[in-house]
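**Student:** Dropping a structure here in structure tokens format, bear with me for questions.
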Amino acid sequence: MEYVGVIHNNISDDDLYGGKGSKLIKIAQLGINVPPGFILNTKSYNTFIKESKFQN
């Protein structure tokens with residue numbers, strides 16, 4: 819399972835990357851200067867919560 823999305827190599831998806839991450843991807847796709855980076859997706863958060871037995 820993939821938990822990390824690279825800002826410049828992904829398709830914007832609010833459900834997978836959240837609103838902020840998704841908007842960064844859209845901005846980069848428009849050609850606006852966005853620093854290189856990555857986004858931890860919602861699957862990583864959900865897995866962490868489940869495996870660490872934290873409650874959200």
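Going by our numbering, the first residue of the sequence shown is number 819, and it counts up by one from there. Yeah, the Cβ is synthetic: ideal placement off N, Cα and C, and Gly gets one too. Here the structure is a predicted model, which means the values were calculated and not measured.
Using the beta-carbon count (16 or more within 10 Å), is Y863 buried or exposed?
**Tutor:** Mapped onto the sequence shown, residue 863 falls at position 45. With fewer than 16 Cβ atoms within 10 Å of its Cβ, Y863 is classed as exposed.
**Student:** So within the region 837 to 861, which uninterrupted beta strand (DSSP E) runs reach at least 3 residues, ignoring any that extend past its ends?
**Tutor:** Here the runs fully enclosed are 856 to 858.
**Student:** Look at I825 and V852 and say whether their C-beta atoms are less than 8 angstroms apart.
**Tutor:** As a first step, residue 825 is located in the sequence shown; it is residue number 7 there, counting from the start. As a first step, residue 852 is located in the sequence shown; it is residue number 34 there, counting from the start. Taking 8 angstroms as the Cβ cut-off, I825 and V852 qualify as a contacting pair.
**Student:** Mind checking whether G836 and T860 have CB atoms under 8 angstroms apart?
**Tutor:** Your numbering for residue 836 matches position 18 in the sequence shown. Your numbering for residue 860 matches position 42 in the sequence shown. Yes, these two residues count as a Cβ contact at 8 angstroms.
**Student:** Kindly list the residues whose CB is nearer than 6 angstroms to the CB of G839, restricted to its own chain and excluding five residues on each side of it in sequence; keep chain order.
**Tutor:** Along the sequence shown, one-based indexing puts residue 839 at 21. Excluding sequence neighbours, G839 sits near I857.
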